[in-house]
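A.B. asks:
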Amino acid sequence: MQGFKKTSAVTPKQILFGTAPMMSVGVVVSSSDIIANSEGRKIVKAGTPLVGSLEARNTAFTVAGSGASDIAGVLLHDVDVTDGNNNGTLLIFGFVNLNNLDDDVIGLLTSNAKKLLSGKVTFLK
718 MQGFKKTSAV TPKQILFGTA PMMSVGVVVS SSDIIANSEG RKIVKAGTPL
768 VGSLEARNTA FTVAGSGASD IAGVLLHDVD VTDGNNNGTL LIFGFVNLNN
818 LDDDVIGLLT SNAKKLLSGK VTFLK
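The numbering used here puts the first residue of the sequence shown at 718, with every later residue one more than the last.
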């Protein structure tokens, strides 16, 4: 007998203030340094700033630390990296509604992160 894996489908969180204009690209999201939640899942949340090369998007992008000197964009949707690196969508140009971000993600959007994303990603309330 073969086992079954239960998966719940939900509508992804919408972080965009408006859907036009915007530009996003597919990237690989790193599972390194991600702490599991209370359900044992490692989730990189929508709005998280990521560091990586847009010219090498198949090389895993990592969560930007407070001292990051180059941030490529922010995650458009949550990405589950419990089982290792996973595909995600990186917003490289657009308008993000801060009211739709989780508090821990807002904490990652330091003044340095916003400065590095200036002209690419605009944050509004």
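All C-beta atoms in this analysis are idealised placements derived from N, C-alpha and C, irrespective of residue type, glycine included.
From which residue to which residue does the alpha helix (DSSP H) around I823 run?
C.D. replies: On the sequence shown, residue 823 is found 106 positions in, with the first residue counted as 1. Unbroken alpha helix (DSSP H) run through I823: D820 to L825.
A.B. asks: When DSSP labels each residue in this structure, what does N803 get in the three-state scheme?
C.D. replies: Sequence index remark: in the sequence shown, residue 803 carries index 86 (1-based). If DSSP states are grouped into helix, strand and coil, N803 belongs with the strands.
A.B. asks: Taking 7 Å as the threshold (C-beta atoms), are V838 and N803 in contact?
C.D. replies: Numbered from its first residue, the sequence shown carries residue 803 at position 86. Numbered from its first residue, the sequence shown carries residue 838 at position 121. Not a contact, by the Cβ cut-off of 7 Å.
A.B. asks: Could you check what DSSP says for N814 in three-state terms: helix, strand or coil?
C.D. replies: Residue 814 sits at position 97 when you count from the first residue of the sequence shown. In the structure shown, N814 sits in a strand (DSSP, three-state: E or B).
A.B. asks: Counting along the chain, where does the beta strand (DSSP E) carrying S741 start and finish?
C.D. replies: Translated into the one-based positions of the sequence shown, residue 741 becomes position 24. S741 -> beta strand (DSSP E) spans M740 to V746.
A.B. asks: Could you give the DSSP three-state label for L833: helix, strand or coil?
C.D. replies: Here residue 833 refers to the residue found at position 116 when the sequence shown is read from its first residue. Note: L833 maps to helix in three-state DSSP.
A.B. asks: When the Cα atoms are used, what is the spatial distance from R774 to A789?
C.D. replies: For this step, residue 774 is matched to residue 57 along the sequence shown. For this step, residue 789 is matched to residue 72 along the sequence shown. Distance between the alpha carbons of R774 and A789: 10 Å.
A.B. asks: Determine the closest residue to I752 out of K762, G805 and V791, with distance taken between C-alpha atoms.
C.D. replies: Position 35 of the sequence shown, counted from the start, is the residue given in the question as residue 752. Comparing Cα-Cα distances from I752 to each of K762, G805 and V791, the minimum goes to K762.
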